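Undergrad: Have a look at the structure that comes next, please.
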């Protein structure tokens, strides 16, 4: 016990560099505003309505993935298979549509596949006791293989119904339909997390699993549910992604792993530092969206963009680790 | 003398070193006025002890008395806040375990520090392996050196040093650790609970080893919670209590009753802590336990009436905590039956809780609280159904119930949104109790407390006691497992002493006295 207390002592003194509370809470906002203003001044095309709608469309799918991951992080579980789950749904749905199945049926199958992946992840973690980091890493490899087997490595396109494409490409009142899906996902996720017993228990399991268990919370159920929700949101995002691209491709989901984690980590620097929140994740998605869009407009090499994004993630995680012990394994 | 080259030593260090190198063994190690402060409070307060090289020096005290902190200071793992360590009457700073080792002080910790995959020989010489050209291991020489080390120290012991230590039994592993600790110029060997994991028949060999060390010029500092062991092995015994040095006594003159007495007796000053109410006890049996076996606990029969407050006491490891914990969490459960209000209960924590048992555990930050969540979220965790319908929270209902509990327990906070980890120990403990009062009117027939006032200031203690009594008046049967005898004497009406995992004869309130408790704890009850 005494050694632990001493560790606390040293970690407290370490925090003194970052101890200004408002810096912790609002630094990400400030960075976002500076970035936005900077791009607006230096790039003519940046602050046009057209481009802003474009950003909205670009971050919609990412935000949906991020909202799902937030449930996982709230329960202190990570899902590294999330990108491939996006890919799986983004293949299954167009595949069924191309073969003449009904839209609702295709979407239903896509979502069910996501749920199945998530529940499997959850049971591997809770029942067998594999750390989620490892279980979902392996699951990712499995899904990668499945995705390529399903498609034979080729894109699925042609003959997709307009009603489906409208979901990803259409506009309502001049606003991308995707943005409405994003709004719905955010509101739903926010409500569940902040206003239901279910959300409280997800946070409780992540906050102190032992205490939650001794308080009568069914921890196995809530940990499994958290991972199931991650995959469910990822599957929805995948179905919308294929609609936006107009085709099902085996490897388009991959980038949503890193970008999705980035939104959550950036979000964890604000509101309740160290805790994943839906609003924080939304801000994180905005940071990533503005950054991507601005750098694209400047004409920055996409490899350099990767480097910049990696650094952004590291900075966010560094800030989070300063305030709390980030523990995911 | 090559040791001195390449580093600047203070004069004192050189002198100590010289005395070692020239065979002038260090004659004494003395801790003077050691104070150690942690963020949570003072662990050691002005402790002075001298350790000799020709003795086994026992160190006893209850959990939290400061034994481990003291040996960590001596072994260089913790720096004292104040005070000095003298070797041959020269003050030295032992800032790392390595430095302590260079001064001849080695520490064998309780948990074990062997690498399980490596052989006994490799473990003994870990970090000091014989090599050629600075990197190539010389395996045969390693084996020879390890064997000769073992033989030099303990000629009667035979352990197969070529096998991975994970295949050896626990006693042999301990001996290997001791040989490794003796590898250098060790003069003081600290052994922290060396026999804790051993069967009784394995202990005797280790006991002989420990007793043989002073003849070979190595003083032993021995921590153990087996008092008979301490009395048999030690020449002198130092008793610590609440971070203070109580007394150092000659082992030949000490009885176990004396030792327990010194370990537990509180100073008279804090006696006036709330007063006892003699309230009527109901007739209903709220808790009935039969043939309960969990871990080392074996309780043939135990019962609790409505409104009754029963205390469980015992020395460290006697099973009073384990029994209380296993009733709720089923930790280590083997067999037995439990009835709440005459209804049989089986199954999970949820089932036990639903049938009317609340549990306020010890080590609240690990077992009860979410430190990074708000007070409100912690309080509403157990009975979130009270402030929700169909799973949807009513923040207004939550807020008013939180306000009621905060007011009832007098929890001091800046706002209900304050994070629990920012609260003081007493207020944290109140939140840990408050969880079971939030929206819980009439839900519980039994409440189990383990160390209900661990690390809690006097004011908060009284408020917690008042709350416990109020619950009993409402007809809740209360079980308190505590190592604080004054607390037990103040709050409970009946005490069940535990010895070696078994409950002794109940002590009723009119027979309460410290002497009576202490007799019962050592199993010497009349």
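Chains as they are written, first to last, in the numbering used here: chain S, 1 to 329; chain D, 1001 to 1526. Think of the CB as a built atom: it goes at the ideal place given N, C-alpha and C, for glycine as much as any other residue. Here the structure is a predicted model, which is why all the values come from computation and not from measurement.
Residue 962 of chain D: buried (16+ other C-beta within 10 angstroms of its C-beta) or exposed?
TA: Outside the displayed span of chain D (1001 to 1526) sits residue 962 of chain D, for which this structure offers no information.
Undergrad: Does residue 1018 of chain D pass the burial test, meaning 16 or more other C-beta atoms within 10 Å, or should it be called exposed?
TA: Interpretation of residue 1018 of chain D is limited by its pLDDT of 47, a score under 50 that renders its predicted location unreliable; the figure taken from the coordinates is listed afterwards. Burial call: exposed.
Undergrad: Is there a Cβ of chain D sitting closer than 8 Å to that of residue 210 of chain S, yes or no?
TA: So, interface residue.
Undergrad: Who are the neighbours of residue 203 of chain S on chain D, taking C-beta pairs under 9 Å?
TA: By Cβ distance, chain D contributes 1370, 1373 and 1377.
Undergrad: So, for residue 1107 of chain D: in the same chain, excluding its five sequence neighbours on each side, which residues have a beta-carbon less than 6 Å away from its beta-carbon?
TA: Cβ neighbours of residue 1107 of chain D beyond the five flanking positions: 1075 and 1190.
Undergrad: Is it the case that the Cβ atoms of residue 1357 of chain D and residue 1340 of chain D are separated by a distance below 8 Å?
TA: Yes, these two residues count as a Cβ contact at 8 Å.
Undergrad: Identify every residue that forms a DSSP beta bridge with residue 176 of chain S.
TA: In the DSSP output, where bridge partners are listed per residue, residue 176 of chain S has S:171.
Undergrad: Shorter than 8 Å from the beta carbon of residue 215 of chain S to some beta carbon of chain D?
TA: Chain D, which has a Cβ nearer than 8 Å to the Cβ of residue 215 of chain S, makes this yes.
Undergrad: So, with DSSP's three-state summary, where would you put residue 1497 of chain D?
TA: It is a strand residue.
Undergrad: Can you tell which of D:1243, D:1227 and D:1380 has the C-alpha that lies nearest to the C-alpha of residue 1523 of chain D?
TA: Checked all of D:1243, D:1227 and D:1380; the closest Cα to residue 1523 of chain D is D:1227.
Undergrad: So for residue 1467 of chain D, helix, strand or coil by DSSP?
TA: The answer is helix: DSSP assigns residue 1467 of chain D an H, G or I state.
Undergrad: In terms of residue numbering, what span does the beta strand (DSSP E) encompassing residue 1436 of chain D cover?
TA: It is not in any beta strand (DSSP E) - residue 1436 of chain D carries neither H nor E in the DSSP assignment.
Undergrad: Out of D:1061, D:1408, D:1177 and D:1343, state which residue places its alpha-carbon closest to the alpha-carbon of residue 1113 of chain D.
TA: Ranking D:1061, D:1408, D:1177 and D:1343 by Cα distance to residue 1113 of chain D puts D:1177 first.
Undergrad: Per the DSSP calculation, residue 1198 of chain D is bridged to which residue(s)?
TA: Partner(s): none; residue 1198 of chain D has no beta bridge.
Undergrad: Residue 198 of chain S touches chain D at which residues, Cβ-Cβ below 8 Å?
TA: Those are 1391, listed as they occur along chain D.
Undergrad: Along the chain, where does the alpha helix (DSSP H) containing residue 1374 of chain D start, and where does it finish?
TA: Premise fails: residue 1374 of chain D is in no alpha helix (DSSP H) and is neither H nor E.
Undergrad: Residues of chain S with a CB under 8 Å from the CB of residue 1220 of chain D: which are they?
TA: Simply none; closest approach about 22 Å.
Undergrad: Under 7 Å Cβ-Cβ, which residues of chain S neighbour residue 1359 of chain D?
TA: Those within 7 Å of residue 1359 of chain D in chain S are 214.
Undergrad: Please classify residue 1101 of chain D as buried or exposed, where buried requires at least 16 other C-beta atoms within 10 Å of its C-beta.
TA: With 16 or more other Cβ atoms within 10 Å, it is buried.
Undergrad: Pull up the distance between the alpha-carbon of residue 120 of chain S and that of residue 150 of chain S, whole angstroms please.
TA: If you take the alpha carbons of residue 120 of chain S and residue 150 of chain S, they lie about 20 Å apart.
Undergrad: Per DSSP, residue 1036 of chain D is paired with what?
TA: Bridge partners of residue 1036 of chain D: D:1044.
Undergrad: Establish whether the CB of residue 129 of chain S and some CB of chain D are separated by less than 8 Å.
TA: So, not an interface residue.
Undergrad: Whole angstroms is fine: what's the gap from residue 1136 of chain D's alpha carbon to residue 1179 of chain D's?
TA: So the alpha carbons of these two residues sit roughly 24 Å apart.
Undergrad: Between the stretch 113–133 of chain S and the stretch 199–210 of chain S, do three or more beta carbon pairs fall short of 8 Å?
TA: Contact fails: fewer than three Cβ-Cβ distances are below 8 Å.
Undergrad: Which residues, taken in chain order from the stretch 264–278 of chain S, show a beta carbon closer than 7 Å to some beta carbon of chain D?
TA: From the stretch 264–278 of chain S, only 274 and 275 have a Cβ closer than 7 Å to chain D.
Undergrad: Does DSSP put residue 292 of chain S in a helix, a strand or coil?
TA: Looking at residue 292 of chain S - three-state DSSP - the assignment turns out to be helix.
Undergrad: Between residue 290 of chain S and residue 35 of chain S, which are expected to be in contact by the criterion C-beta below 8 Å, what is the C-beta distance as a whole number of angstroms?
TA: So it is a contact: roughly 6 Å between Cβ atoms.
Undergrad: Are there 16 or more other CB atoms within 10 angstroms of the CB of residue 1452 of chain D, so buried, or fewer, so exposed?
TA: When all chains shown are included, residue 1452 of chain D counts as buried.
Undergrad: With C-beta atoms as the reference, is residue 288 of chain S less than 8 Å away from residue 316 of chain S?
TA: No, Cβ-Cβ distance for residue 288 of chain S and residue 316 of chain S is not below 8 Å.
Undergrad: How many angstroms separate the CA atom of residue 1094 of chain D from the CA atom of residue 295 of chain S?
TA: Their Cα atoms are separated by approximately 55 Å.
Undergrad: Using 8 Å as the limit for Cβ to Cβ distance, is residue 1528 of chain D near chain S?
TA: Shown here, chain D extends from 1001 to 1526; a query on residue 1528 of chain D therefore has no answer.
Undergrad: For residue 1514 of chain D, which three-state DSSP category applies?
TA: Looking at residue 1514 of chain D - three-state DSSP - the assignment turns out to be helix.
Undergrad: What number of angstroms, rounded off, separates the C-alpha of residue 1104 of chain D from the C-alpha of residue 1031 of chain D?
TA: Rounded to the nearest angstrom, the two C-alpha atoms are 15 Å apart.
Undergrad: Please tell me whether residue 1386 of chain D and residue 1188 of chain D are closer than 8 Å, where the distance is taken between their beta carbons.
TA: Their beta carbons are not under 8 Å apart, which means residue 1386 of chain D does not touch residue 1188 of chain D by this criterion.
Undergrad: Strictly under 8 Å for the Cβ-Cβ distance: is residue 1350 of chain D near chain S by that measure?
TA: Yes, because at least one Cβ of chain S sits closer than 8 Å to the Cβ of residue 1350 of chain D.
Undergrad: Out of D:1289, D:1480, D:1473 and D:1465, which has the shortest C-alpha to C-alpha gap to residue 1410 of chain D?
TA: Selected option, being the one with the closest Cα: D:1465.
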